[in-house]
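A.B. asks: In my numbering, the protein residues as written are 2 to 279. Quick reminder that beta carbons are idealized off the backbone N, C-alpha and C, glycines included. This one's a predicted model, so the numbers in the text were calculated from it and none came from an experiment.
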Ligand SMILES: O=C(O)CCC(=O)C(=O)O
Ligand SMILES: [Fe+2]
C-alpha cells in the first residue's frame, strides 16, 4: 500500500533509502514539519477512508476545556501574569478512537506495527530507533473532528508527531502551525499569546494535506491547530505515537483526558518528559 517507488521503506539502509530519509529529515530540521506526499498509493485511499468510517463511532467525545499546554485550566497558578497564554481557555472539539478499538488488520494498525516503517521513520527523525508505545490506548489513535468542531491551538507532549490524513473534510479543517515558536530553554509566551489573540499572523503557516499524505511534525515546539471543519463530513487522521525507548505508557491524568478511561498500565505510569517546558 505504501508508494515504495517514491519512499523505498522496504530497502532498509540502502543508498536510496538513506537519500529518501535524509530529504525528509532536512525538511523537518528546516521547518519543524515534513510531508511525505502520496505516501499511500491512490488505489488504497478508498479503503483507508472506509476503515476510518467504520471505527469513528468508537471515538471518545467530550468537549474538553483546554489551554495550549494541556494543564488543568480549573487549577491555574494565581500568580500567572494576566496576559499569560495558559489563561486562554478553548474548547477541544475533536475525539480520539483508542488503539484497543482499532482492529489489528486495519491499514493504519498494520502500518503502525511494521518494523520497516519504524526504521524508516526513525531515520527521517534522525533517531537511532523508534518504538511502538507500550500504551494500549495511546500508541495509535484516529483523530476525529466532526463538522463545526476544531482541534484548537496546542503543544504536544511528544517530541515528534506522525500522522496520516485518512479523510479530508470538504471545507475547513486546515492544519496550521508556528514553526519552533518555543524551545527547550525558552517558552516565548509573548508570541504564543499573540498568535492566540489572532495577532502576528505571519508566524502561522498553513499546510495543504491530501488523504494518504504522511506528516512528521515537531509538535512539542511548534504551536499548532486544526481550524474548524466545515461542510457535512468529519476529518480523520491516524496519529502514530512512537518513543525513543521501549516500554513508554501515558500518565493516568492525560489518558483520562483523551480517552475518558484508564487501564492498570496507566495507574502505574510515571511522567517521562525530561525537559522543563510546561
Ligand atoms: O489531526 C491532526 O492533523 C493533528 C492532531 C494533533 O495535533 C494531535 O493529535 O496532537
Ligand atoms: Fe498536536
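Could you have a look at residue 305 and say whether DSSP puts it in helix, strand or coil?
C.D. replies: The question about residue 305 has no answer here: the residues shown for the chain are numbered 2 through 279.
A.B. asks: Threshold first: 3 residues or longer. Then list the beta strand (DSSP E) segments lying entirely within the region 202–252, N to C.
C.D. replies: 206–208, 215–218, 224–227 and 236–241
A.B. asks: Tell me which residue opens and which closes the alpha helix (DSSP H) that residue 16 is part of.
C.D. replies: Counting from 1 along the chain shown, the entry for residue 16 is found at position 15. From DSSP, the alpha helix (DSSP H) with residue 16 extends over 16–32.
A.B. asks: Give every residue whose Cβ lies closer than 5 Å to any heavy atom of ligand 2, listed in chain order.
C.D. replies: 157 and 220
A.B. asks: Could you tell me whether the region 21–34 touches the region 133–151, using the rule of 3 or more Cβ pairs below 8 Å?
C.D. replies: Judged by Cβ distances under 8 Å, the region 21–34 makes no contact with the region 133–151, as fewer than three pairs qualify.
A.B. asks: Sort out for me which residues DSSP pairs residue 165 with in a bridge.
C.D. replies: Counting from one through the chain shown, the residue named residue 165 turns up at place 164. Per DSSP, 215 and 239.
A.B. asks: Would you kindly work out how many angstroms separate the C-alpha atoms of residue 162 and residue 80, rounded to a whole number?
C.D. replies: In the chain shown, the residue the question calls residue 162 occupies position 161. In the chain shown, the residue the question calls residue 80 occupies position 79. Each residue's alpha carbon lies about 32 Å from the other.
A.B. asks: Once DSSP output is grouped into helix, strand and coil, what is the label at residue 155?
C.D. replies: Taking the chain shown and counting its residues from 1, one reaches residue 155 at position 154. DSSP places residue 155 in strand when its eight states are reduced to three.
A.B. asks: Look at the alpha carbon of residue 127 and the alpha carbon of residue 30, and state the distance between them as a whole number of angstroms.
C.D. replies: In the chain shown, counting from the first residue as 1, residue 127 sits at position 126. In the chain shown, counting from the first residue as 1, residue 30 sits at position 29. Those two C-alpha atoms are separated by around 10 Å.
A.B. asks: Compute the beta-carbon to beta-carbon distance between residue 213 and residue 171, rounded to the nearest angstrom, for a pair I have assumed lies under 8 Å.
C.D. replies: Translated into the one-based positions of the chain shown, residue 213 becomes position 212. Translated into the one-based positions of the chain shown, residue 171 becomes position 170. Incorrect: roughly 17 Å between the Cβ atoms, too far for contact.
A.B. asks: By Cβ distance below 8 Å, which residues in the same chain neighbour residue 205 in space, the five residues on each side in sequence not counted?
C.D. replies: One-based indexing of the chain shown puts residue 205 at position 204. So the list reads 177, 178, 179 and 196, once near-sequence residues are dropped.
A.B. asks: According to DSSP, what are the bridge partners of residue 91?
C.D. replies: The count along the chain shown starts at 1 and reaches residue 91 at position 90. Its beta-bridge partners are 67.
A.B. asks: Would you identify the three-state DSSP class for residue 133, choosing helix, strand or coil?
C.D. replies: Counting from one through the chain shown, the residue named residue 133 turns up at place 132. Residue 133: strand per DSSP, three-state reduction.
A.B. asks: When you compare each of 82, 91, 86 and 57 to residue 64 by their alpha carbons, which one comes out closest?
C.D. replies: Your numbering for residue 64 matches position 63 in the chain shown. That would be 91, whose Cα lies nearest to the Cα of residue 64.
A.B. asks: Could you tell me which of 112, 209, 238 and 71 sits nearest to residue 157, measuring between CA atoms?
C.D. replies: For the purposes of this step, residue 157 is taken as the residue at position 156 of the chain shown. Of all alpha-carbon atoms in 112, 209, 238 and 71, the one lying nearest the alpha-carbon of residue 157 is that of 71.
A.B. asks: Check whether the Cβ atoms of residue 168 and residue 227 sit closer than 9 Å, and answer yes or no.
C.D. replies: Within the chain shown, residue 168 is the residue found at index 167, counting from 1. Within the chain shown, residue 227 is the residue found at index 226, counting from 1. No, the pair does not count as a contact, with Cβ atoms beyond the cut-off.
A.B. asks: With distances taken from CA atoms, which of 145, 152, 200 and 101 is nearest residue 263?
C.D. replies: What you label residue 263 is simply residue 262 of the chain shown in a count that begins at 1. Among 145, 152, 200 and 101, the Cα nearest to that of residue 263 is on 101.
A.B. asks: Give me the Cα-Cα distance between residue 51 and residue 98, rounded to the nearest whole angstrom.
C.D. replies: Here residue 51 refers to the residue found at position 50 when the chain shown is read from its first residue. Here residue 98 refers to the residue found at position 97 when the chain shown is read from its first residue. C-alpha separation (whole angstroms): 15 Å.
A.B. asks: How is the beta strand (DSSP E) around residue 362 delimited, first residue to last?
C.D. replies: In the structure as shown, the chain starts at 2 and stops at 279, and residue 362 therefore has no counterpart that could be examined.
A.B. asks: Quickly, what does DSSP pair residue 41 with across the bridge? List them, please.
C.D. replies: Start at 1 with the first residue of the chain shown, and residue 41 comes out as number 40. DSSP output for residue 41 lists 3 as bridge partner(s).
A.B. asks: Would you say residue 36 and residue 132 are within 9 Å of each other, going by their C-beta atoms?
C.D. replies: Working through the chain shown from its first residue, we reach residue 36 at position 35. Working through the chain shown from its first residue, we reach residue 132 at position 131. In this structure, residue 132 does not lie closer than 9 Å to residue 36 by Cβ.
A.B. asks: Exposed or buried, what is residue 149 when buried is set at 16 or more other beta-carbons lying within 10 Å of its beta-carbon?
C.D. replies: Counting from one through the chain shown, the residue named residue 149 turns up at place 148. Under this definition residue 149 is an exposed residue.
A.B. asks: Taking the alpha helix (DSSP H) that residue 197 falls in, what are its first and last residues?
C.D. replies: Residue 197 sits at position 196 when you count from the first residue of the chain shown. First-last of the alpha helix (DSSP H) with residue 197: 190–197.
A.B. asks: By the three-class DSSP mapping on this structure, what secondary structure does residue 1 have?
C.D. replies: Because the chain is modelled from 2 through 279, residue 1 falls outside the range shown and cannot be assessed.
A.B. asks: Once the 5 residues before and after residue 257 are set aside, which same chain residues still bring their CB inside 6 Å of it?
C.D. replies: By 1-based counting over the chain shown, the position of residue 257 is 256. If the five residues before and after residue 257 are omitted, its C-beta is found closer than 6 Å to the C-beta atoms of 263, all from its own chain and listed in chain order.
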